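> One structure is given below, represented as structure tokens, and several questions about it will come after.
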Amino acid sequence: MSQPERASRGRLTFVIHQISAGGAERVLTLLANELCKKGWSVTLLTFDSGSEPAFFELHSGVQHWPLSLMRGQGGCWKAIKVHFLRPWVLRRAIRKSRPDAVIAFLERMNILTLMATIGLKIPVIVSERNHPAFNTSKFLSLSRQAVYKMSACLV
Numbered sequence: 008m009s010q011p012e013r014a015s016r017g018r019l020t021f022v023i024h025q026i027s028a029g030g031a032e033r034v035l036t037l038l039a040n041e042l043c044k045k046g047w048s049v050t051l052l053t054f055d056s057g058s059e060p061a062f063f064e065l066h067s068g069v070q071h072w073p074l075s076l077m078r079g080q081g082g083c084w085k086a087i088k089v090h091f092l093r094p095w096v097l098r099r100a101i102r103k104s105r106p107d108a109v110i111a112f113l114e115r116m117n118i119l120t121l122m123a124t125i126g127l128k129i130p131v132i133v134s135e136r137n138h139p140a141f142n143t144s145k146f147l148s149l150s151r152q153a154v155y156k157m158s159a160c161l162v
């Protein structure tokens, strides 16, 4: 991972689990690609290993940093270790990308990103792509209520 050069418009870091065939992933890639074309420095942090190509094409200027933090990558002990390391690895990657703002996509990534950026004084925009009323997990609902108030904006 190389340090991003200073862009004329600033630096943005996007966070999502992976670039698969979903609607949120499509929105993220369209937004990241367009911002990159307009002169923004764009870094994309994903939790996959990067061994598979992104489903949606990324502009050549978008820096994709796969963090290898998916649960299914490795055995049981690795899954447990990865679960507890996620906030710290994500925090380190965000700091290394030196963003002016972070944009997280999808509920679990939003919660984790907000927790990982506590004390960093970096604005975090959370992009919710699910209807909150259809959330089936009480834990996620309570987590969302607790940390979303730390976001700079909810889209």
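According to the working numbering, the sequence shown holds residues 8 to 162 in order. Where a beta carbon is used, it is the ideal one built from N, C-alpha and C, also for glycine. Values in this document were obtained by computation on a predicted structure and should not be read as measured data.
#1: If you draw a straight line from the C-alpha of THR36 to the C-alpha of ALA159, how long is it?
#2: Spatial neighbours of HIS24 within its chain, please: CB distance less than 8 Å, with the 5 preceding and 5 following residues excluded, ordered by chain position.
#3: Using C-beta distances below 7 Å, list every residue in its chain close to LEU161, excluding the 5 sequence neighbours before and after it, in chain order.
#4: Confirm, please, whether the CB-CB distance from LEU19 to ALA108 is below 7 Å.
#5: Report yes if the C-beta distance between VAL34 and LEU42 is below 7 Å; otherwise report no.
#6: Looking at the unbroken alpha helix (DSSP H) that takes in ILE23, where does it start and where does it end?
#7: Which residue marks the beginning of the alpha helix (DSSP H) containing HIS90, and which one marks its end?
#8: Nearest-angstrom Cα distance between SER150 and MET157?
#9: Grab the span of the beta strand (DSSP E) containing SER56 for me, first residue to last.
#10: Under the rule that 16 or more other beta-carbon atoms within 10 Å means buried, what is ALA100, buried or exposed?
#11: Out of curiosity, what's the CA-to-CA distance linking SER9 and SER104?
#12: Between the beta-carbon of ILE26 and the beta-carbon of ALA61, is there less than 7 Å?
Well, looking at it:
#1: Taking the first residue of the sequence shown as position 1, residue 36 is located at position 29. Taking the first residue of the sequence shown as position 1, residue 159 is located at position 152. Taking the straight line from one Cα to the other gives about 21 Å.
#2: One-based indexing of the sequence shown puts residue 24 at position 17. Once the five neighbours on either side are set aside, the close Cβ partners of HIS24 are THR53, PHE54, ASP55, MET77, LEU113, ARG115, MET116.
#3: Here residue 161 corresponds to residue number 154 of the sequence shown, with the count starting at 1. So the list reads VAL133, GLU135, TYR155, once near-sequence residues are dropped.
#4: Here residue 108 is taken as the residue at index 101 of the sequence shown, counted from 1. Here residue 19 is taken as the residue at index 12 of the sequence shown, counted from 1. Cβ atoms of ALA108 and LEU19: closer than 7 Å.
#5: Sequence index remark: in the sequence shown, residue 34 carries index 27 (1-based). Sequence index remark: in the sequence shown, residue 42 carries index 35 (1-based). Going by C-beta atoms, VAL34 is not nearer than 7 Å to LEU42.
#6: As a first step, residue 23 is located in the sequence shown; it is residue number 16 there, counting from the start. It is not in any alpha helix (DSSP H) - ILE23 instead sits in the beta strand (DSSP E) that spans 18-23.
#7: Position 83 of the sequence shown, counting from 1, holds the residue named residue 90. Residues 83-104.
#8: In the sequence shown, residue 150 corresponds to position 143, counting from 1. In the sequence shown, residue 157 corresponds to position 150, counting from 1. If you take the alpha carbons of SER150 and MET157, they lie about 12 Å apart.
#9: Taking the sequence shown and counting its residues from 1, the one referred to as residue 56 is at position 49. Neither: SER56 is in no beta strand (DSSP E) and is coded neither H nor E.
#10: Numbered from 1 along the sequence shown, position 93 holds the residue referred to as residue 100. It is buried - the Cβ of ALA100 has at least 16 other Cβ atoms within 10 Å.
#11: In the sequence shown, residue 9 corresponds to position 2, counting from 1. In the sequence shown, residue 104 corresponds to position 97, counting from 1. For SER9, the predicted model reports a pLDDT of 46, less than 50, meaning its position is unreliable and no value from the coordinates is stated.
#12: Position 19 of the sequence shown, counting from 1, holds the residue named residue 26. Position 54 of the sequence shown, counting from 1, holds the residue named residue 61. Cβ atoms of ILE26 and ALA61: closer than 7 Å.
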